[in-house]
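All the letters of the sequence shown, read from the start, carry residue numbers 21 to 332 under the numbering used here.
Only one structure is covered here, and it is reproduced in the block below.
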Amino acid sequence: MTSRTFACETMQERLTARLSGALTPAEMSELESHLAGCETCTAEAALVAQLWDGLAAPGEGVPSQRMRARFDAALAVERDRPENAPLAFHGHGGASSESASDRSQAPTLAARPAPFRRFLPLAAMLLLGLGLGYLTFSRQGDDVALLRREVGDLHTMVALSLLEKASVSERLQGVAYSRDAAVSLDFGNLRGEGRREEESRPDSTASRAAPAAEREQIVAALFARLLEDPNVNVRLAALEALRPLAARDDRRSEFVAAVARQDSPLVALSLIDLLLESGTAAARHDLEQLLANDQLDPVVRGYLRDRLGRSA
């Protein structure tokens, strides 16, 4: 390996650290000087900055024109149905055993005031419209759920494929796609008791089974990049994508274990900061227990002890 290649690899590892503000002034100056004379690293820096910004700003879904067309078609079908014709109200005779005095005392439809009869067709149309609206929007809800599922499947497939590529740039794109897929699958938004209650509902088990499996695939792939990727920028990007899970009790142990397994001090320090920022006493307790680990990097141990002291 030439000295220039080694310098490029060293500087590329600082690109994400620069975006997160983790570089010292001396390291920042050295990086800027290198970028001024290296086109390859300059291009890599631009791509990393673009993907980093993309991770922080997931887009919101917008209903498509095709969905609007489906709604209009469903509405037209409902309007043309024979059973949806205006209701006709007809009088009917009483039972033969009913006495004449009872019939004379009971108010009939014909005996009601004229204004009341005038509003009957309007009331019938209102009831018909409510029923039609319920049926139409129920079908529209099914279309939206299907569309979300299709988008989620596509994002998951693309993300998992890119995360296995040999190119650093493609793996970074895979992390970005993972974040997009996470948003479409409500990644990190179902927490604690609320999550268990929703998944325990009879009508939600089947509808959420597949998205839950896709979430687990994405989480496993991101943790694999966090622990094993040869490029520190990809590891830091994966950590940022996993940030919504850091405060969850069922995921905290995975983040703590990742601190001990990290061979990159920069990523280990970022993990420590993320766990302490979650603000949970359980995370602090787990990190305190980590100080007794003999395999922990001395630099990481010193930083952890200092951070625990400052956040006490």
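The C-beta atom is built at its ideal place from N, Cα and C for all residues, glycine as well.
Put simply, the backbone Cα of Leu259 is about 8 Å away from that of Leu291. Of the residues assessed, Asn313 falls on the exposed side of the cut-off, its CB having fewer than 16 other CB atoms within 10 angstroms. Exposure of Gln315 is indicated by the presence of fewer than 16 other C-beta atoms within 10 angstroms of its C-beta.
Excluding sequence positions up to five before and after Ala280, its CB lies within less than 8 Å of the CB of Leu310, Asn313, Gln315, Leu316, all in the same chain and listed in chain order. Sequence-distant partners of Arg255 (beyond 5 residues in either direction) whose C-beta falls short of 7 Å from its own C-beta, in its chain, are Arg245, Leu246, Asp249, Ser284, Val287. For Pro264, there is no enclosing alpha helix (DSSP H), as DSSP marks it with neither H nor E.
Glu33: not part of any alpha helix (DSSP H); DSSP gives it neither H nor E. Annotated three-state conformation of Thr300 is coil, per DSSP.
Under the three-pair Cβ rule at 8 Å, the segment 174–184 does not count as touching the segment 56–72. Inclusion of Ala241 and Arg199 in the CB contact set at 7 Å is not warranted, their separation being larger than that value. Cβ-Cβ separation between Leu51 and Leu43: approximately 7 Å, consistent with a contact (criterion under 8 Å).
Judged by DSSP in its simplified three-state form, Ser187 adopts coil rather than helix or strand. Between Asn253 and Thr36, the CB-CB gap stays under 7 Å. Residue environment: Val68 is assigned as buried (16 or more neighbouring CB atoms within 10 Å of its CB, all protein chains considered). Annotated three-state conformation of Arg325 is helix, per DSSP.
Under the DSSP assignment, Pro45 falls in the alpha helix (DSSP H) whose first and last residues are 45–57.
Residue Leu289 holds the alpha-carbon nearest to the alpha-carbon of Asp326 among Gln32, Asp306, Leu289, Ala303.
In this chain, the alpha helix (DSSP H) harbouring Arg272 covers 272–281. Counting every other CB atom within 10 Å of its CB across the protein chains shown gives Ala257 a total of 16 or more, marking it as buried.
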